[in-house]
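**Student:** Each residue of the sequence shown is one higher than the one before, starting from 1 at the first, in UniProt numbering.
Virtual Cβ for every residue (Gly too), placed ideally from N, Cα, C.
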Amino acid sequence: MRMFLGIFKNLGGLLGLIALLLLAAIIWFVLPALSMGNSNPFQSALARGGMIFTLFAVALVYKARTWVLARKRNDQLGQGVVKSSEDGTNDKADKANETEFKTKFEDAVRLLKRQKGPGAGGNYLYTLPWYMLIGPPGSGKTTALINSGLHFPLLDQFGASIRGVGGTKNCDWWFTDQAILVDTAGRFTTQDNQQERDKKDWNTFLSLLAKYRKRKPINGIVVAYSIEDLVRKDEADIVSDALLIKKRIYELYEKLKIEFPVYLVFTKLDLLPGFEEFFGHLDSEGREQVWGTTFKIADQQDDPVSRYLVEHKLLTERLQLKVLDGLKNEVDLTKRDSIYLFPRMMASLQDRISLLLDTSFKPTRFETDLMLRGVYFTSGIQDGSVLDKVISGLSAHLGRARGADGRQGKSYFIKNLLNDVVFKEAGLAGHNARFEKIRSMLYLGSYVALLAACIGITAFWYHSFTQNTQQLKQFNDAIAEVEAQRQTVQESDHDIKHVLPILNTSRDIPFGHGRWNAEGPVMSGFGLNQAGKMHAESVRLYERSLLNLLLPRLVFHTEERLLQQEEGLFDDLKFYQVLGGQLEIDQAFVSRYIQARFRHYDIDSRNTLEDHVKQLIDLLPAHYYPSLNPELVQLAQRSLLQQPVSLRLLAQIESQAASDSISQGYSLLDLVGNNGVLIFAVEGKSLQEVLIAGLYTRIGAQRYFAQQSGFLDRLLEEDASILGYDQSLAERYKAELFRQYLQKYQQVWLDTLHAIHLDNIDDVQAKARAIDVLISESSPIKQLLGLVRANTEFSTIFTSVSEAANPANNQQGTPAMAVLSDDYMELMSLEVLPMFAQINRFALSTDADEPERLSALFSQLDALKIFLQGLQHSVNSERSAWMRASSHQGMGEVVAQLEMEIATLPKPLSTWIAQLLDSAKAETGSQARSYIQNQWASNVVPACRDMIAGRYPFAADASREITLRDLASYFAGGGIVDGYFETYLSPYVDRSHSPWRWQQVTGFESAGVNRLLRQVELSNRIQNMFFGPRGDTPSLSFELVPRDVDPEILKITLVIDNEELSYAHGPKLGRRFDWPSSNLSTQSFSRLVIEMADETEAITEQGDWSLFRLFDQGHMKRIDSERYLIEFSTRSGHRFNFELVAGSVYNPFDANLFKSIRCN
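(1) Taking the straight line between their C-alpha atoms, what separation do you get for aspartate 571 and arginine 739?
(2) Tell me which residue opens and which closes the beta strand (DSSP E) that glycine 220 is part of.
(3) Tell whether a beta-carbon distance below 7 Å holds between leucine 503 and histidine 600.
(4) Would you list, in sequence order, the uninterrupted beta strand (DSSP E) runs of no fewer than 3 residues that lie entirely inside the UniProt domain "Type VI secretion system IcmF C-terminal" (1038–1143)?
(5) On the three-pair Cβ rule with 8 Å, is the region 979–999 touching the region 1131–1144?
(6) Quick one: complete beta strand (DSSP E) runs, 3+ long, within the region 609–694?
(7) For the alpha helix (DSSP H) holding isoleucine 502, just list the boundary residues, first then last.
(8) In chain order, what residues of the same chain have a beta carbon less than 7 Å from the beta carbon of phenylalanine 858, not counting five sequence neighbours either side?
(9) Note down the Cα distance separating proline 217 from phenylalanine 279, rounded to an integer number of angstroms.
(10) Got a sec, what are the start and stop residues for the beta strand (DSSP E) phenylalanine 266 sits in?
(11) Determine the direct distance from the alpha carbon of asparagine 675 to that of glutamine 637, and round the result to whole angstroms.
(12) Report yes if the C-beta distance between threonine 293 and glutamate 317 is below 7 Å; otherwise report no.
(13) Label glycine 813 either buried or exposed according to how many other C-beta atoms from any shown protein chain fall within 10 Å of its C-beta, with 16 as the threshold for buried.
(14) Are the CB atoms of glutamine 474 and proline 501 within a distance shorter than 7 Å?
(15) When you compare each of Ser139, Gln702, Asp670 to glutamate 689 by their alpha carbons, which one comes out closest?
(16) Checking the sheet assignment: what are the DSSP bridge partners for residue 1210?
(17) Mind checking which residues open and close the alpha helix (DSSP H) that includes isoleucine 948?
(18) Determine whether the beta carbon atoms of leucine 758 and glutamine 915 lie at a separation below 7 Å.
(19) Verify the contact flag: lysine 865, CB atom, against every heavy atom of the ligand GTP, threshold strictly below 6 Å.
(20) Use the C-beta contact count for alanine 1093: other C-beta atoms within 10 angstroms, 16 or more gives buried, fewer gives exposed.
(21) Taking the alpha-carbon positions, what's the leucine 985 to glutamine 927 distance?
(22) Might you give, ordered along the chain, the residues of its own chain that have their beta carbon closer than 6 Å to the beta carbon of phenylalanine 1154, omitting 5 neighbours on each side?
(23) Using only CA atoms, which one of Lys1068, His494, Thr752 lies nearest to aspartate 1044?
(24) Can you say whether asparagine 1160 is buried or exposed, counting buried as having 16 or more other CB atoms within 10 angstroms of its CB?
(25) Going along the chain, which residues of its own chain have a beta-carbon closer than 6 Å to the beta-carbon of glycine 1143, five neighbours each way excluded?
(26) What would DSSP say about tyrosine 741, mapped onto helix, strand or coil?
(27) Compare the C-alpha of lysine 424 against each of Val578, Ser545, Ala347, Asn219 and name the closest.
(28) Of all the alpha helix (DSSP H) runs that stay within the bounds of the region 904–982, which reach a length of 4 or more residues?
(29) Do leucine 428 and tyrosine 376 count as a contact pair if the criterion is CB distance below 7 Å?
(30) Determine whether the beta carbon atoms of glycine 710 and alanine 657 lie at a separation below 7 Å.
(31) Could you tell me whether the Cβ atoms of tryptophan 67 and arginine 48 are closer together than 7 Å?
(32) Are there 16 or more other CB atoms within 10 angstroms of the CB of aspartate 1032, so buried, or fewer, so exposed?
(33) Three or more C-beta pairs under 8 Å: does that hold for the region 968–979 against the region 1017–1029?
(34) Opposite isoleucine 134 in the DSSP bridges: which residues?
(35) Would you mind reading off the limits of the alpha helix (DSSP H) that contains isoleucine 756?
(36) Give the C-beta separation of serine 545 and serine 506 to the nearest angstrom, bearing in mind that I take them to be a contact with Cβ-Cβ under 8 Å.
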């Protein structure tokens, strides 16, 4: 009986019993009224009694099991605690202590079973809250508990605690009437002595809690840290302690899988100077109060340091307010000083406490927030001076015994902290364990469900009646609406779209087609459900609508199309024959047909019509097929047979394959892979947008054209059936179809491949990366060639001729296999599509799995990449490009070999590699061009501006003249321009024509560099005029011969330096002159004297260039390559001229030559 009462106590007492009785009443009185279809299994009293008995039996068994398991868990936990103390030592003294601990613990457990109040009975170890105390060694945990003032019910029998071996070696168990406190050894926290053993003991203890207190292993932890450690240790040691505390807390989180509150308690506050003087006047009640701060639950997510700083300030302010009261009651000056300074001492702890909090309780972004409930200060005992306590603590730490003074100490701020704060918040633990909440909600929900069931079932029949009444009304209204809509459509109206609303309404009638549930709505049940009858009537109405409204209009629409013979005539004829029952029903074809023929409808109407047509076609065999017009059928057949059968069939296959999910085809991205995006492009599209239809792939060919698939046989059989031609023609049509297919197959692939081009690659580094991608293991070229070969090498796609024709290999015994036409057999024997033979031969594997030629190509591309990388990584890339671009077409042996290889590559591979090579050559040439332009600008242009610019004869009207020495320095062989040419340009220039041209170095040609080359060529001409191949001094040799002289002119005298030519209408004898004169001792000059009857005119020019200035006074006209005619005029208009015969074809008397020289 005691057990029975206990069960109902856990059920919720009287409430649980009432719930069971209420459920039993429902079973007994309500269930007989319920029906399931046409039966009522609850009519029998025996059946209901059995259900009630089973209900109570299950409840009793469940609660008995819960009670037994609770006792078992408590026994296991107690045994586990005892067993855990036996592990870890072999010392005889420790073994004796273990035996004593085991005896005491088992006696304590038995005593607790007999205790009254919280924790008594079966759940004596499980229902009491458990709290764990952790902290570094010597932090005062045990002292605080001894002096806490808590009630320990086992005090008389065993002392305050049940201790493990050697004091707090593992843990002490403190049994209070409100909770069990587990005082862990300080070594568990620091694990700094025997790390592996400490860690093992700690983890064993946690595993014990997690195993035997699964729902709530602990209710919280108290972290003890002494003021002595806080004051005496440096910040590094405090941080180290804090990290260890944090690590232990997170280990508890990880092992126990629950959240729990954490209370940070600073012990040994009495070690602060002034503590006893400040708080010594407190009575027992004052010493039991809580001193510290408890954080709000809502603030748990905030920074613990910032929260505490506010509270610490309030604490110190509160202390400061108490200073005057303390000073009033104290006359001793030393104590008054201590009282006055104590608040400051507390304030001074702020930074170190903040450091501890920030390190221990402020989680990183990867850690769970800790539930720090508060920070508190306590003192367990006060004896001796502050210094004595520090020395005493050090002595204890060193293992030396400290003599007791025989006084009982006072505890401060401990009792209420544990009783009113820590123990009262036992329910906070496990807040994140949804199990507890769900369990409570399930209990509450079950009671609420029972109550709701009683209330609900009472109203159920009434609602069921009203629901069925309402549904019948809705059904009748829908029937009336259908009839009303029918009246609006005339029989002569053949527009299918006009009957769609009627069909939709007929289909969507409540409990109609597609909306039928055999049980009907739940609220319509319990013997009142009329859904079955309504469903049968609605189905009949929808079928009548399809047969009477849709079918005649479909037939009319199809016959109209057959008469008009529009595009898609074959599909129209096929659909017409499907409607007439002459062909097997193909719902996939019906879907395609409706979507194509009624594409002028909106998408919703089109899909709706497709659904109705499918329903109609499925309905026809059970009812009737419409009569077809044989004349229309024959007309369409004749029209279709006039078209090439192969083209029509191929179009049909393309249409069908487009909707086939098995053969989805390829995009260019599939062909070249993800790496291909880095180097390949298509004009105006992305690689993903360029598609090869699935029909023109290996899978498409096998699915639709391989003889083994039988698709073509079925297609031709159907085609012959629809068009009415002789089946014997099928093989000829098959060969024609296959030929058309092959032609388009290879054209599709060729068009796709030729659409690919290399993407624009700007700089040397990008070109090197592109080559690296091309020759990598995941090379897009290798992937592309592999896919091309796989999809164009028909020997791997189709069965060979011998296999197809050999009956022994024809395991299916298909008769058509043995009667294939010769044309079709010949096409099937193709190993490679003709236009892909060269590509596939190139990709053919001959050495393991690596194509030899492809490997050779990759090696050459790798050499080009190394060349470009060398260019890229050189200190002066432009100079490096100029140095490297000095042989065959600009880049030497690497380019020569690659160009030879390109000539043998199949297209479009050769095009892509040529594009890459041209791009590399252009980049190299461009950088080399920049280099020679920079060298011209730095080595030639400054000298030109100094020596030539603004000087005669390069500036015709200039008064300043270029000196002959500067002329030689700039233009002579080995001079500035010639030296530049030989150093930087000679390998690149073709001088066999004029104007000079660049060798075939892609990238050199540009407006700027072409002007530079022109200047070098003009300078070379000046060199040849004045200096010859090796001369370093300017010299000219020419002959002047008088020609036509007006009669009015009596005599002409020309003097050049010391040489003279005279003419007075006698023999026209010429004279050779040298410039400059070799025997000139004075300044060079030239003079022309014209004597006439009434006057004499003279032209005199001084300086090295006087001859040229004199000739500028006349008008020079070229006769041929070596002869010029120079005409002069006097002021009075009389004319005369000289013929100038140059000593060489290179002569400087053309002033335009000098004017063409530019200094830029």
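**Tutor:** So, from the data block:
(1) Start at 1 with the first residue of the sequence shown, and residue 571 comes out as number 571. Start at 1 with the first residue of the sequence shown, and residue 739 comes out as number 739. Each residue's alpha carbon lies about 23 Å from the other.
(2) To locate residue 220, count along the sequence shown from 1; it is residue 220. Segment 220–226, the beta strand (DSSP E) holding glycine 220.
(3) Position 503 of the sequence shown holds residue 503. Position 600 of the sequence shown holds residue 600. No, they are not a contact pair.
(4) 1049–1056, 1059–1063, 1071–1075, 1085–1092, 1096–1102, 1115–1118, 1123–1129, 1135–1142
(5) no
(6) 680–682
(7) Locating residue 502 in the sequence shown gives position 502, where the first residue counts as 1. Where isoleucine 502 is concerned, the enclosing alpha helix (DSSP H) stretches over 496–507.
(8) Locating residue 858 in the sequence shown gives position 858, where the first residue counts as 1. Closer than 7 Å at the Cβ level, and outside the excluded window around phenylalanine 858, lie Ile775.
(9) Translated into positions along the sequence shown, residue 217 becomes position 217. Translated into positions along the sequence shown, residue 279 becomes position 279. If you take the alpha carbons of proline 217 and phenylalanine 279, they lie about 37 Å apart.
(10) Residue mapping note: residue 266 aligns to position 266 of the sequence shown, counting from 1. Taken as a continuous stretch (DSSP letters only), the beta strand (DSSP E) holding phenylalanine 266 covers 261–267.
(11) Within the sequence shown, the letter at position 637 stands for residue 637. Within the sequence shown, the letter at position 675 stands for residue 675. If you take the alpha carbons of glutamine 637 and asparagine 675, they lie about 52 Å apart.
(12) Here residue 293 refers to the residue found at position 293 when the sequence shown is read from its first residue. Here residue 317 refers to the residue found at position 317 when the sequence shown is read from its first residue. No, these two residues do not count as a Cβ contact at 7 Å.
(13) Working through the sequence shown from its first residue, we reach residue 813 at position 813. Confidence in glycine 813 is poor, its pLDDT being 36 and thus under 50, which makes the residue's placement unreliable; the coordinate value appears in the next sentence. Label assigned to glycine 813: exposed.
(14) Locating residue 501 in the sequence shown gives position 501, counting from the first residue. Locating residue 474 in the sequence shown gives position 474, counting from the first residue. Cβ atoms of proline 501 and glutamine 474: not closer than 7 Å.
(15) For the purposes of this step, residue 689 is taken as residue 689 along the sequence shown, with counting starting at 1. Here the closest residue by C-alpha is Asp670.
(16) Outside the shown range of the chain, which is 1 to 1160, sits residue 1210, and nothing can be said about it.
(17) Stepping through the sequence shown from its first residue, residue 948 is reached at position 948. Looking at the DSSP string, isoleucine 948 is not in any alpha helix (DSSP H), and its letter there is neither H nor E.
(18) As a working mapping, residue 758 is identified with position 758 in the sequence shown. As a working mapping, residue 915 is identified with position 915 in the sequence shown. Yes, these two residues count as a Cβ contact at 7 Å.
(19) Judged by which ligands are present, the structure shown has none, so any question about the ligand GTP falls away.
(20) Taking the first residue of the sequence shown as 1, we reach residue 1093 at position 1093. When all chains shown are included, alanine 1093 counts as exposed.
(21) Mapped onto the sequence shown, residue 985 falls at position 985. Mapped onto the sequence shown, residue 927 falls at position 927. For leucine 985 and glutamine 927, the distance between alpha carbons rounds to 14 Å.
(22) Residue numbering aside, residue 1154 sits at position 1154 when the sequence shown is read from its first letter. Contacts found: Pro953, Phe954.
(23) Position 1044 of the sequence shown, counted from the start, is the residue given in the question as residue 1044. If we check each option's Cα against that of aspartate 1044, Lys1068 comes out closest.
(24) Taking the first residue of the sequence shown as 1, we reach residue 1160 at position 1160. The residue in question, asparagine 1160, is exposed, as its Cβ has fewer than 16 Cβ neighbours within 10 Å.
(25) In the sequence shown, the residue the question calls residue 1143 occupies position 1143. Contacts found: Ser1037, Phe1038.
(26) For the purposes of this step, residue 741 is identified with residue 741 of the sequence shown, where counting begins at 1. In the structure shown, tyrosine 741 sits in a helix (DSSP, three-state: H, G or I).
(27) Within the sequence shown, the letter at position 424 stands for residue 424. Of the listed residues, the one whose Cα sits closest to lysine 424 is Asn219.
(28) 909–939, 941–947, 964–971, 976–980
(29) Along the sequence shown, one-based indexing puts residue 376 at 376. Along the sequence shown, one-based indexing puts residue 428 at 428. Not a contact, by the Cβ cut-off of 7 Å.
(30) Sequence index remark: in the sequence shown, residue 710 carries index 710 (1-based). Sequence index remark: in the sequence shown, residue 657 carries index 657 (1-based). No, these two residues do not count as a Cβ contact at 7 Å.
(31) Taking the sequence shown and counting its residues from 1, the one referred to as residue 67 is at position 67. Taking the sequence shown and counting its residues from 1, the one referred to as residue 48 is at position 48. No, the Cβ-Cβ distance between tryptophan 67 and arginine 48 is not below 7 Å.
(32) The sequence position of residue 1032 within the sequence shown is 1032, counting from 1. Exposed: under 16 other Cβ atoms inside 10 Å.
(33) yes
(34) As a first step, residue 134 is located in the sequence shown; it is residue number 134 there, counting from the start. Answer is Val223, bridged to isoleucine 134.
(35) The residue you call residue 756 lines up with position 756 of the sequence shown. Here isoleucine 756 belongs to no alpha helix (DSSP H); instead the beta strand (DSSP E) covers 756–758.
(36) Position 545 of the sequence shown holds residue 545. Position 506 of the sequence shown holds residue 506. Correct: roughly 4 Å between the Cβ atoms.
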